[in-house]
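Take a look at the structure below.
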Amino acid sequence: MPTAPQTADELRDALAENDQRPYGRPRTVTAEELAEAAEQFDDPRTLIIALLELQEAYNYGSEPRKSPVVFARLLTLFDEQPDLFDARMRYQLFWRFKWVAHSLRELPEIPLATLRQWLTEMRDRYEKADLGLQPYYGQAYQLAVHVGEDTTLAYELWAGRSRTQYSDCEACEICEQALYHLAAGDDRRALRTWEPVLSGKESCQEEPARSISYALLPLLRTGRTEQARELHLAGYRASRRTASMSAEVGRHLEFCALTGNEARGLELLAENRTLFDEVESPLDLLALLTGVEVLLQRVELLGHGDLPAAGPAGRTWTVTALRAEVRDRADALAARFDTRNGTTAHSDRRRARLDREPLLDALELTLRTVTLDAAAPAAPVAATPAQDVPESLTELIIRARTLEEQGHPDARACWARLRALVDAPDHTHPDDPAVGPPVRLRADLLAEEAGRAGDRDEFTVAAALHDEAGERGLAAVERACALLSAAEAPEAPGAAAAEGGGGAEAKAAALTAAHASILRLHEETPGLPPYQEARLLRLRATALGLRFQVTGNEQHLAPVLAEADLLHTFATRHDLPVQISGALLLGVGTRAISGDLPAAVAEADTLIDRLKADGPHWHLPRTLSLRGRLHLGLGDAEAAHADLTEGLRRAAEWPDDTAGTARMHGDLAEASMRLGRPDEALRQLNRSAELDLRRGSRTDAFCTYSNVAQLSLDLGRVEDCIALLDSLLTEPDVVAGELDDRLLAQLRLTRARALRAGDDRTAATAEFVALAAESADWDDDPGSHAMIAGETAVLLGEAGAFDRARAAVDQALAAHARTPRYEQLSSCLRELARLQAEQQGEDGLDDALACLADAGRIADEARTAGYEVRGSRSLETALAYEHGRVNAYAGRYDDALAALEKALALLGEPGAEDGDHAGEWAECVRLAGAVEGIYLERSAPALARLDAAVALLTARGHAEETASLSSLVARLRDEE
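Under the working numbering, the residues of the sequence shown are numbered 402 to 1377, in order.
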């Protein structure tokens, strides 16, 4: 709190402001300061309000030791001056007897006799105030459960009584009733009882998050795994990082441990690490620690006790060490409660949780599956070759070189094994003329590494070493690779011009120069073995192929095909299958770039037949993938899906990354979407991202994950979307700021939209506000800032913060002036106008109309620019319709009707094929009929309008759009 309130009015304003903050330490500290400030004013009512706020902060901030102290002060004030308490204060006071009872149960240092004495005090007070005793019996039942006594009678005395205004809310009582059946071993009855809460029909501050955490295991035991998965995602998000929900977090960790999701459990534990120190409630801490131990015990049993784990701050922990710490703390807490209660209930319940066996071997909880093996730090494992790697070093060197000459994918595993052997301290180079000197092997290894990384500097060094070893041909090939790599590099000569629009020409010039240099190098290196000469021919053709890809210039087409034919002829003469296939594949790709997709498909058909008959078979996956993309280009999704599926199947026969399977999965996702199979597309995109991540292509992986998140949001899988993005945003390189800032912003933007779709508007608004502030500095992309600021304004409007919403709109308009976003900004302005009129009525009309005036200017700009909207409704039509709604909310019904009639004129009557148009037109007619018939009380013309619309829609095959119109007609006729 920057400054203490100087007047009672300022104090009340500060209390109201603090009441809007989320529960947690910041709110509690402010409540403490305000309660202290209230003592200085001669205003006991304000002091009472401050103390009520303080107790609420303690109650929901998991500080049970302090809540009863504040309540004692309130009770003293009530006993001394009951007239100070108005009806609301009195209600709060009697309601909070239950809070104190709960707080005392949470503290093992409070004697059991004191707990019973408090319940007697509650009963006496309720009887004296002539209040029903159902709430008292509810607390007596909960004490019996806590202590471990027979609860049958206590349950009947509570559950058999009628509810009163002081009873716990419906959701909380349902949870207690369900837990009673759960303790009796009746999972199905418990779940039936829970249904109103789990379905969202009943809720409160703690529900449904509390019920969800208890219902997860019963759902699994009764076979409702998908519902358990969905509720875990939603329930965990509502509980995480919240001290008062720490017990729920512990049950979610237990759920992960018992469903084969131990690695996810460790992720969630890390996200909630601060709870070890923040939870003040011993009872909640016991529940949290037991859930943590269930998880850590399971991880250790699976042989991963050495994995790092997130424990209390101040030191690093392994799973084994943290489990020992957690076990000792939890055992001590359970013993304290049992000593206080005179039973073994808490130790028994704890042991029951720890003794549970996994309920499922594996349950896919999130789109991004993480395993304990992936979480363990380990050196990269080389791909498994199709054939065994020789044990003899001499044989291994010879085999690696032979496979390299053939272009065989198994060469990579041999080189990886060789690299490990050469790097070993006891390595001795074979004294065998068949393998040559050590410098030759060093050059071979460096060249292979350069080939994987595309590093021109490594190619250059490898060439020099091969020269030293007397291998002029290999040196020439590596120099050619370095030339091509330099021409492709972003920092190649002329690349700077690419930023200003001359990129294609500069890149083409660099590739032309590279081709000329490779050609000259080829001519200056005679007497090459055929496989080396073929590689130089392949590099020459590749340089020209890349140039054609960059420019699309038809004059560059023939030279590529000529070089490809030259390579094909040479490879055929010398029986080099890999280069024959490479030449044909280059031809297919070039035809595709030229736009002649049918010819490209025909050539791909021929090549695939050849590969199936004669090989090399490891080229089949890549060629099938290319033909699949060609079919996508031709609009044949079925054929594309078939090719890509076969390509992936064949790729599995070869070492990883032989055929670019990450891209194949991405292309298969596109084919699946075109075939109307979005769930399959989601799986394929997710697999593509996983492969990129595994191979270190993190930017590509995060781009694909961004698409996964957006698609899951489009499919209505909101919790899946949020869980995926939460997982990505906690990756170490993301937290360290190493990910591209725009890509990170896109991930956060999608998450903010998902939070909004999931009705977590507070979190969504906070993220949008942050993104709007950050994107204001994107001088190279003002259009994105306009879009983000516009969406931010709408969210602020939904929260009633219209001054801040207007400021965000002004930012959006300024950015829109630089890079127009006609539809997005017009939509945001119209929605903001509707919100202000709906919430403020006539008082908000002027500001709402100002927003619509801005939207009108945008529509004029779009029309002048020749912009075409994507939907069936023009910006002018949408604007007229919104004028109708805004004026109707403000009570300006004549203006509203005039605007709606204008919108109807702009829309025009729908035709037989205009499905979307029919729905928009029908809604506009309905609103016009409501304004005219209900608010202007002109039922006759309203009924004529509506009857005519129903007849027209029915005659033109849109009967499904008439339901709302017919309902309004019936209402108007009833009112006549």
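Positions of the beta carbon are idealized from the N, C-alpha and C atoms, including for glycine.
For V840 and L846, the gap between their C-alpha atoms comes out near 10 Å.
Taking the C-beta atoms as reference points, L1148 is found nearer than 8 Å to L1130.
A straight line joining the alpha-carbon of A1218 with that of I1259 spans about 10 Å. A direct Cα-Cα distance of roughly 12 Å separates Q566 from Y527. Secondary structure at A890: coil, using DSSP grouped into helix, strand and coil. Cβ-Cβ distances below 7 Å link R728 to E694 in the same chain, with the five nearest sequence neighbours on each side left out; the list follows chain order. Taking C-beta atoms as the reference points, G1061 and R1023 count as a pair closer than 8 Å.
Around the beta carbon of Q421, a 10 Å sphere encloses fewer than 16 other beta carbons of the protein chains shown; the residue is thus reported as exposed.
Taking a cut-off of 8 Å on C-beta distances, the region 792–802 does not touch the region 687–707, as fewer than three cross pairs fall below it. Nearest to S1367 by C-alpha distance, out of R1327, A1341, Q1240, is R1327. Relative to E574, the option among Y538, A585, G586 whose CA is nearest is Y538. Secondary structure remark: continuous beta strand (DSSP E) runs of at least 3 residues inside the region 1273–1343: none found. The DSSP assignment places 445–461 as complete runs of the alpha helix (DSSP H) inside the region 442–477, in order along the chain (cut-off: 4 residues). One alpha carbon belongs to F860, the other to A1190, and they sit about 48 Å apart. Runs of the beta strand (DSSP E) lying entirely within the region 619–649 and spanning at least 3 residues: none are present. Between the alpha carbons of A1349 and P1342 lies a gap of roughly 11 Å. Residues L794, T795 of the same chain have their beta carbon placed closer than 6 Å to that of P831, with the five preceding and five following residues left out of the count. Apart from the 5 residues on each side of it in sequence, A1070 sits with its Cβ closer than 6 Å to the Cβ of A1082, Q1085, L1086 in its chain, given in chain order.
Taking the Cα of G1198 as reference, the smallest distance to any Cα among V862, Q1225, L1230 is reached at L1230. P709 sits in a strand when the DSSP states are folded into three classes.
At the C-beta level, S504 and S645 stay beyond 8 Å of one another. The C-alpha of A812 is placed about 6 Å away from the C-alpha of E805. Around the CB of S563, fewer than 16 other CB atoms lie within 10 Å, so the residue is classed as exposed. L884 and S918 have their C-alpha atoms roughly 8 Å apart. With respect to the C-alpha of E1377, the residue from G704, L962, E1338, L667 having the closest C-alpha is E1338.
According to the DSSP assignment, P839 belongs to the alpha helix (DSSP H) that extends over 839–854. Going by beta carbons, R466 and L508 fall inside the 8 Å limit. Counting the other CB atoms within 10 Å of its CB gives G624 a total below 16, which places it among the exposed residues. Judged by their CB atoms, F1103 and L1144 are nearer to each other than the 8 Å cut-off. Rounded to whole angstroms, the separation of the alpha carbons of D1296 and A1345 is 20 Å.
Going by DSSP, P978 is part of the alpha helix (DSSP H) stretching over 978–995.
CA-to-CA, the gap between G586 and A1200 works out to about 44 Å. With 16 or more other CB atoms across the displayed protein chains lying within 10 angstroms of its CB, E964 is buried. Secondary structure of W718 (DSSP, three-state): strand.
Taking 8 Å as the cut-off, the beta carbon of A1254 is found no closer than this to the beta carbon of A1281. Around F495, the same chain offers R526, Y527, A530, L532, Y567 as residues with beta carbons nearer than 8 Å, after the five sequence neighbours per side are excluded.
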